[in-house]
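Trainee: With the first letter of the sequence shown counted as 1, position 141 gets the number 141 in UniProt numbering; the numbers rise by one all the way through. Beta carbons are placed, not taken as given, at the ideal position from N, Cα and C, and that holds for glycine. Below is one structure. I have some questions about it.
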Amino acid sequence: MQNDIQEVLISEEELSTKIKELGAQLSREYEGKNPLVICVLKGAFIFMADLVKTITVPLEIDFMAVSSYGASTKSSGVVKIVKDLDVSVEGRDVLIVEDIIDSGLTLSYLIELLQNRNAKSTKVVTLFDKPTGRTVDLKADYTGFTIPDAFIVGYGLDYAEHYRNLPYIGILKPEVYSN
Ligand code: PRP
Ligand code: MN
Ligand code: MG
C-alpha cells in the first residue's frame, strides 16, 4: 500500500464485482438503443474502460473533459470544459459515466448542457456517490458505492493529479492535504 494511504476502502476485487453488476443492468437498459456512452475525464477513465467491457449491447463512446476541483479537495463551484465531445448528442440515448458525485455541480452542469443539445435521454452511472457533499439536488440513475465523507483517491480519482493509478480506492492521510 502506498505511503500516503491511510486505509484501503474498496479493494480491486470489490470494484470488479460491482462493475460487472452495473454492466449487466446497463446491458438490459440499453438493448437496441445504441447508446452514446460519455466518459467524464479525467476521473472516470478507468471506470469507463472497465465498465464498457461488461456491457454486452452495441454502443458508441466519446469523451469530455471537465474540471472543477483543480488542486484542491473542495470544488471551486465553477465547471470548466477542458475538452468537448467530438460527436453530436442530438436524438441520442446518452449515458454519462462519472467516477464520483460529490457536490453534484459537475453533473448538473453536464446534464443541462446535453439536454440543451437535444439528447433523447440523459442518464448517469456513477461508481461512487458521496451524498453528504451535495449542494445541488442530483441523483444518479445507477450507483456503484455510497461512500462516507472522506477524501478518496485511486482507480482514476486524484488529489492534485496524483494517485489516479492506484488499482483500489484508498482514503488519503489527512496530513497529505492539510499542510
Ligand atoms: C471530480 C470528479 C467528478 C467531480 C465530482 O472531478 O472526478 O467529476 O469532481 O464533484 P462534484 O459533484 O462536486 O462536481 P475533478 O473536477 O477533480 O476533475 P478530474 O476528473 O479531472 O479529477
Ligand atoms: Mn472528474
Ligand atoms: Mg479531480
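Figure out for me which residue from V97, V79, T17 has the closest Cα to the Cα of S103.
Mentor: Position 103 of the sequence shown, counting from 1, holds the residue named residue 103. The option with the nearest alpha carbon to S103 is V79.
Trainee: With three or more beta-carbon pairs closer than 8 Å as the criterion, would you say the stretch 28 to 37 touches the stretch 150 to 163?
Mentor: no
Trainee: Taking contact to mean 3 or more Cβ pairs, one atom from each stretch, closer than 8 Å, check whether the stretch 7 to 15 and the stretch 89 to 106 are in contact.
Mentor: no
Trainee: For V87, which residues in the same chain have their Cβ closer than 6 Å to its Cβ, ignoring the five residues on either side in sequence?
Mentor: Counting from 1 along the sequence shown, the entry for residue 87 is found at position 87. Only D62 meet the Cβ criterion.
Trainee: With a 10 Å radius around its C-beta and 16 neighbouring C-beta atoms as the bar for buried, classify T122 as buried or exposed.
Mentor: Numbered from its first residue, the sequence shown carries residue 122 at position 122. Flag for T122 reads buried.
Trainee: In its own chain, which residues sit with a C-beta less than 7 Å from the C-beta of T143, not counting the 5 before and 5 after it?
Mentor: Looking up residue 143 in the sequence shown gives position 143. Same-chain partners within the cutoff: T126, D129.
Trainee: Using only the alpha-carbon positions, how far apart do K173 and T146 sit?
Mentor: Looking up residue 173 in the sequence shown gives position 173. Looking up residue 146 in the sequence shown gives position 146. Approximately 20 Å between the Cα atoms of the pair.
Trainee: Using a Cβ-based criterion (distance less than 7 Å to any ligand heavy atom), does V40 qualify as near ligand 1?
Mentor: For the purposes of this step, residue 40 is identified with residue 40 of the sequence shown, where counting begins at 1. Yes, the Cβ of V40 comes within 7 Å of a heavy atom of ligand 1.
Trainee: Quick one: what does DSSP say A119 is sitting in, helix, strand or coil?
Mentor: For the purposes of this step, residue 119 is taken as the residue at position 119 of the sequence shown. DSSP places A119 in strand when its eight states are reduced to three.
Trainee: If we require 4 or more residues per run, which alpha helix (DSSP H) segments fall completely within the UniProt domain "Phosphoribosyltransferase" (16 to 159)?
Mentor: Runs of the alpha helix (DSSP H) inside the UniProt domain "Phosphoribosyltransferase" (16 to 159): 45 to 52, 105 to 116.
Trainee: List the whole-angstrom C-beta distance separating V124 from D99, where the pair is believed to meet the contact cut-off of C-beta under 8 Å.
Mentor: Mapped onto the sequence shown, residue 124 falls at position 124. Mapped onto the sequence shown, residue 99 falls at position 99. About 12 Å separates the two Cβ atoms, so there is no contact after all.
Trainee: Would L138 and L114 be called neighbours here (beta carbons separated by less than 8 Å)?
Mentor: If you number the sequence shown from 1, residue 138 lands on position 138. If you number the sequence shown from 1, residue 114 lands on position 114. Result no, Cβ atoms of L138 and L114 do not sit closer than 8 Å.
Trainee: State the start and end residues of the unbroken beta strand (DSSP E) segment that holds E7.
Mentor: Position 7 of the sequence shown, counting from 1, holds the residue named residue 7. First-last of the beta strand (DSSP E) with E7: 5 to 10.
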